[in-house]
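Trainee: Note that the UniProt record's numbering has the sequence shown beginning at 1, numbered continuously upward.
Yeah, the Cβ is synthetic: ideal placement off N, Cα and C, and Gly gets one too.
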Amino acid sequence: MPNQQDREARQDQGSRAEATRFSVLDRSRTREGHEGPEALRDTVGLAQDLERLGYHRIWVSEHHGVPGVAGSAPTVLAAAVAAATSTIRVGTGGVMLPNHQPLVVAEQFGVLESLFPGRIDMGLGRSVGFTDGVRKALGRDKDVAEDFAAQLDELLGWFRGTSETGVHARPAEGLTVPPFVLAMGEGATIAARAGLPMVIGDLRNRENMRRGIDHYRATFRPSAWASEPYVVISGTIAVAATPEEAHRLLLPEAWSMAYSRTHGTFPPLPPAERVEALRMTAKERGFYESGLTGHIVGTEEQVAHELETVLKETGAQEVLVTTSTYDRAALLDSYERLARVTGLGGAGGT
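(1) Can you confirm whether the region 307-317 touches the region 55-69 when touching is taken to mean that 3 or more C-beta pairs between the two stretches lie within less than 8 Å?
(2) Compare the C-alpha of A191 against each of F266, E173, R204, L156 and name the closest.
(3) Taking all protein chains shown into account, do 16 or more other C-beta atoms lie within 10 angstroms of the C-beta of N99, making it buried, or fewer, making it exposed?
(4) R279 lies in the beta strand (DSSP E); which residues open and close that run?
(5) What is the rounded straight-line gap between the Cα of S334 and the Cα of L175?
(6) Are the beta-carbon atoms of I233 and T314 separated by less than 8 Å?
(7) Alpha carbon to alpha carbon, what distance is there between P268 and E35?
(8) If you draw a straight line from the alpha carbon of M209 to that of I200, how long is it in whole angstroms?
(9) Which runs of the alpha helix (DSSP H) spanning at least 4 residues fall entirely within the region 235-271, listed in chain order?
(10) In chain order, which beta strand (DSSP E) runs of at least 3 residues are fully inside the region 18-42?
(11) Specify, as a first and last residue, the run of the beta strand (DSSP E) that E318 falls within.
(12) Skipping 5 residues on each side, what residues in its chain have a beta carbon closer than 7 Å to that of A282?
(13) Exposed or buried, which one is R337 when buried takes at least 16 other CB atoms within 10 Å?
(14) Measure the C-alpha to C-alpha separation of R328 and E107 and round it to an integer number of angstroms.
(15) Leaving aside the five residues before and after S324 along the sequence, list all residues of the same chain whose C-beta is less than 6 Å from its C-beta, in chain order.
(16) Please identify the residue among I88, V275, V60, W158 whose C-alpha is closest to the C-alpha of Q101.
(17) Whose C-beta lies closer than 8 Å to the C-beta of R340 among residues of the same chain, with five residues either side of it excluded?
(18) Grouping DSSP H, G and I as helix and E and B as strand, with all else coil, what is I88?
(19) At which residues does the alpha helix (DSSP H) containing V105 begin and terminate?
(20) Assess contact between the region 275-290 and the region 246-261, defined as three or more Cβ pairs (one per stretch) separated by less than 8 Å. Is contact present?
The structure is reproduced here in structure tokens:
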């Protein structure tokens, strides 16, 4: 029988998780035997399920020329997701700003906010195409990412109507679309200086994550967009009936990551049973096993305990779950279990 101290500890864990927002980034991962269009439709369907479960937001991503990812046009996909839902917030995690002209990004989000008022988020990253071929096709090079702070300021200026060009971003000007900075590398510094919410990951390197969060909070400058720091931590969370089942959810993504590091291309997700039967080289095995570590994985009780630890360490206001696996039914079951762990209660976020 649990004693009073055990009961109080579990209540503290539950209250901390229930005070935290939980959201999902879905990359529209392709799966072996399934084409990209199906992955995009799956993202829209998942958004409807997440809304029913009470998740705060769903974000979609931007990747170019990647066989394992169908999500290449995040604002277009965000429009489809928003049209298929009614309460959950919808956004991007993120639009890679160096790939685009800030005016065009402002116009796209202005259209989204006009069509779905009060539900759109603007998550912004500073990565450019992963390969020379993609960067060439985009008309960009690696150096363009160095101008991210200036690009970000220009983008926000289109919403504020402060551009000195004499041009006005229609219909973005005057609208409020919450911006978030994906804090890769110097992203935490940029987010703090701009006074914007920050998304930081991943959970696999918590020491670096904590340093980034501490730096962000210490250097944050209040702005019209945020009066105080707002931290979103991101990473993989897998929940199942047993630890073994939860662990198997990680296998397809871990293998795809290992394959990309040894072959130079990121493939569609394979079934877990095929991964288990693979004969890997020593190098592949090293990357694969590394990819299985550092996540929040287990039963509902185990995940609740681990979440309590992470939230206590970081003080994050929100968790952005980035789990990918081959079995979509098992993935949805994981999100349903996580909703129970965190007390989401089936009410959509606003």
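Mentor: Short version:
(1) No, the region 55-69 is not in contact with the region 307-317.
(2) L156
(3) buried
(4) Premise fails: R279 is in no beta strand (DSSP E) and is neither H nor E.
(5) 36 Å
(6) yes
(7) About 9 Å.
(8) So the two alpha carbons sit approximately 7 Å from each other.
(9) 243-248, 251-263
(10) 21-26
(11) 318-321
(12) none
(13) buried
(14) Taking the straight line from one Cα to the other gives about 34 Å.
(15) Around S324: R29, E253.
(16) W158
(17) E300
(18) coil
(19) 102-115
(20) At 8 Å Cβ cutoff, the stretches touch.
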